[in-house]
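The structure appears below as structure tokens.
Protein chains: 2
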Amino acid sequence: MRTLAVVGTGLIGTSIGLAMSRRGITVHLVDRDTSAARTAAALGAGVTADPTGPVDLAVIAVPPRAVADVLAEQHARGLARSYTDVASVKALPTRQADAGLPDPSCYVGGHPMAGREQSGPLAARADLFDGRAWVLTPSPRTAQTALNHVLELVALCGAVPLVMDSEVHDQAVALTSHAPHVVASLMAARLQHGPPEALRLVGQGLRDATRIAGGDPRLWADILRSNAAPVARVLRELADDLAELLTALEDVARDDASQDPGTGAVVDLLERGAEGLHAVRPARVRRSGPTLRVTLGETPGELARLLDTVTDHGVGTEDVTTRVDPVQDRMTAEFTVPPVTAGQLRRRLGEQGWQVEGAAVRPTRRPLPQPSHVDDLWDQEVLPSQRVASLPGVS
Amino acid sequence: MRTLAVVGTGLIGTSIGLAMSRRGITVHLVDRDTSAARTAAALGAGVTADPTGPVDLAVIAVPPRAVADVLAEQHARGLARSYTDVASVKALPTRQADAGLPDPSCYVGGHPMAGREQSGPLAARADLFDGRAWVLTPSPRTAQTALNHVLELVALCGAVPLVMDSEVHDQAVALTSHAPHVVASLMAARLQHGPPEALRLVGQGLRDATRIAGGDPRLWADILRSNAAPVARVLRELADDLAELLTALEDVARDDASQDPGTGAVVDLLERGAEGLHAVRPARVRRSGPTLRVTLGETPGELARLLDTVTDHGVGTEDVTTRVDPVQDRMTAEFTVPPVTAGQLRRRLGEQGWQVEGAAVRPTRRPLPQPSHVDDLWDQEVLPSQRVASLPGVS
């Protein structure tokens, strides 16, 4: 690819322009707001001059419901040989392209999973897509040339391509992005009606839970309406859960909390929530290594000193368990140690006078590394899919 | 205060023990789980031996619905002269203390706004309450001695006392903590039912929005049921908003998204959400300083170089606006500059060849500081209440 056009020089379009210009591609910037295109050009994202002939690929970087019209218009004008978009819904533009373009084989839907809280060209960054997933939704009729142009775009932007059916993509983002946005907005909307004292009790938990509600309301209304059926399906089920919980809480409130109604429904929802979270937690590192057991004396603060020593060797406090032996009335602390520091830690604990039991440590042939960061000390087993899953999504 | 008892040596109780022991107070640790009390003692949070007479203050650090029974039991035993608790609901324990204690004047409800995602004594930290708000809910019948004991506890833990009516506290936390927990759980529970592809599209937005759903389901069920009426009130209003949004989205879905129904309801909710967010945003720093305007030439990337220079002088990219003069066809960039670097920045831009216009900069008498952190450069006007409001809340 030698030439690219970006239609719509907001955050995403301008970031693509910056990334591609850096790779030596000639980027033509188009926006109905001349000032936005000029700003993108002044940042180094490309030129505002029209191309002299069709470019290799045009990226339509406009809101979801505007994609079809802009695509048809630029296609009619002969702007490019291949086309893609960056909207966060894919079935609607794909359907509209199939119906509206004389030759839909030149279009491949795309959705880079990257974004920032600020919008507009001034917020753009050349490295916005570095290591991020970039969904592509080719159909059986997509031309190979078009697919390859888009794959090259994704590669040059430093992203990881992820081919997906457009309907499956829309169901997935309804769950992972669109419904969460609605839920954050529903909660944030309540904050307009609280007692003034409530503001002094606001914490990071609430801020995190509502942060995504800060997105541009018009853009998000466009996204939600473009993916209405999948989003409504998720929210309908959520509303059913909420209705059940409300019945339980209102029962409790009526009984003046002296009885115990509603426990089942409340615990059930909270447990399902905690389980659902496991699906989206960053890759859990599998920790395997020798287990050590230390017997503690009666000196106050002895356990704190032990924790200081073991955490210096890559053990997290959440990996430590304590137990009191009822017969001997002695306390023991047990923990799994990263293999590379186990020998060192065992010696250190011995030097400090603790009685240590536990699996014999295999001698290592490599010299022991100096611990720098806890996670470096463990055998991390992270699946590639989990790595992708831990990428921040588009907002 | 010389002596303290902590009943319940979990995260909060043990952290209080650590903080108070460090201040030279004798702390007696009580827990029905001997191993938890022994663990807290081994960390240096106090001693497991019973006090020889009544201590000055006992902190009942057990789940909300257990407070009344434990308080009555310890009071009957004569454990302390004054009592407080740390539960995240206040009306229920206050009502129960009034009804159940022979002398309720010795009890002051308390709620430190601090927590961690881990629980149990091993997660405890002496500095857990540093700078955090700690709500106290004395009633007209509270004895001055009891109030002063609790104020001393809060001060020695490094927290900021905040006196509040117990009912107002419960309405406030229903809105800022309990309802958000339910909403996060409702969303997280949906994640059990997504297409497998969805997991690859999970981003930081979803993780932040659902993070608090990771709390202990049994403890949280206890909290929600103890504050059922205020939580139900918030959630009922939220459910009404959700029902309206669902109707709009289902209308859009039925019309196959070709028409434009539902825009009003969808935009309305999103706008109310964005407005509600302003209430909980960390204190917005009021930025006042001279405004500078720079005229740009035609060189690509010129704006990027300008941004590099101005951001080095404490200007954020969100504070920059660009404009194209339609008559002269020239682009200008305008931004407000922190007063202390304005003169320096103006000279620097001049040296780099830019044409700068804007308010004359008053000469400073102090030598210009070297910028270290952007926020240090501004006249920050943060109200004390906003500072408290930006503290992480309990979870």
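Order-wise, the sequence lines are chains P and H. Under the UniProt record's numbering, the first residue of the first sequence is numbered 1, with each subsequent residue one higher. Under the UniProt record's numbering, the first residue of the second sequence is numbered 1, with each subsequent residue one higher. Ideal Cβ positions, reconstructed from N, Cα and C, are used throughout, including at glycine. No experiment lies behind these values; they were computed from the predicted model shown.
Quick one: is residue i near chain H, going by C-beta distance under 8 Å?
i	result
P/A72	no
P/M20	no
P/V231	yes
P/T176	yes
P/A253	yes
P/L349	no
P/T34	yes
P/P369	Unreliable placement is indicated for P/P369, whose pLDDT of 43 sits below 50; no coordinate value is reported for it.
P/V183	yes
P/E244	no
P/L249	yes
For residue i and residue j, which I take to be in contact (beta-carbon distance under 8 Å), what is that distance rounded to the nearest angstrom?
i	j	result
H/V135	H/G110	7 Å
H/A172	P/G194	7 Å
P/S88	P/L57	About 20 Å separates the two Cβ atoms, so there is no contact after all.
P/T322	H/S35	6 Å
In chain P, which residues lie with their C-beta within 8 Å of the C-beta of residue i?
i	result
H/V315	What H/V315 touches in chain P: nothing, since even the nearest Cβ is about 11 Å away.
H/G194	Q171, A172, L175, T176, A279
H/A133	R200, L201
Please state the DSSP three-state secondary structure of residue i.
i	result
H/E244	helix
H/L71	helix
H/D85	strand
H/V202	coil
P/H28	strand
P/E298	coil
P/P51	coil
H/H111	strand
H/R254	helix
H/P371	Because the pLDDT at H/P371 is just 40, under 50, the model does not fix this residue reliably, and the point stays unresolved.
P/T321	strand
P/A5	strand
H/D216	coil
H/P161	strand
H/V234	helix
P/E334	strand
H/R347	helix
P/E117	coil
P/R293	strand
H/T137	strand
Is residue i close to chain P, meaning its C-beta is less than 8 Å from at least one C-beta of that chain?
i	result
H/V267	yes
H/Q328	no
H/G301	yes
H/D98	no
H/V294	no
H/R323	yes
H/G273	yes
H/V310	no
H/E334	no
H/L270	yes
H/E357	no
Mind listing the chain H neighbours of residue i? Cutoff is C-beta to C-beta under 8 Å, in chain order.
i	result
P/L29	In chain order: nothing, as chain H lies at least about 10 Å away.
P/T39	L303, T322, M331
P/T263	A221, R225
P/E318	Q118, L122, A123
Under 7 Å between beta-carbons, which chain H residues line up against residue i? List them in chain order, please.
i	result
P/P180	M187, G205, L206, A209
P/E197	M164, V168, A172
So which residues on chain P does residue i lean against when the C-beta distance must stay under 9 Å?
i	result
H/V47	P300
H/G353	Chain P residues near H/G353: none, gap ~15 Å exceeds 9 Å.
H/L345	Chain P residues near H/L345: none, gap ~18 Å exceeds 9 Å.
Find the residues of chain P that neighbour residue i, judging by a C-beta separation of less than 7 Å, and give them in chain order.
i	result
H/D241	L186, A189
H/L11	Chain P residues near H/L11: none, gap ~11 Å exceeds 7 Å.
H/G44	P300, G301, A304
H/G276	A188, A189, R190, L191, Q192
At a CB-CB cut-off below 9 Å, which residues of chain A make contact with residue i?
i	result
P/L147	In the displayed structure, chain A is absent; the protein chains listed are P and H.
Using Cβ-Cβ distances below 7 Å, what residues of the segment 106–130 of chain P are close to chain H?
M113, Q118, L122, A123
Relative to chain P, which residues along the segment 51–65 of chain H have a C-beta separation below 9 Å, given in chain order?
R65
Please list, in chain order, the residues of the segment 76–89 of chain P that have any C-beta partner in chain H closer than 9 Å.
For the segment 76–89 of chain P, there are no residues whose beta carbon sits under 9 Å from a beta carbon of chain H.
Proximal residues, the segment 215–239 of chain H versus chain P, C-beta separation under 7 Å:
P217, R218, W220, A221, L224, R225, S226, A228, A229, V231, A232, V234, L235, R236, E237, L238, A239
Scan the segment 199–212 of chain H for residues whose Cβ lies nearer than 7 Å to a Cβ of chain P and list them as they occur along the chain.
L199, R200, L201, V202, G203, Q204, G205, L206, R207, D208, A209, T210, R211, I212
Check distances from the C-beta atoms of the segment 149–162 of chain H to those of chain P and list, in chain order, the residues that come in under 9 Å.
Residues are counted here when their Cβ sits less than 9 Å from a Cβ of chain P; for the segment 149–162 of chain H these are L162, given in chain order.
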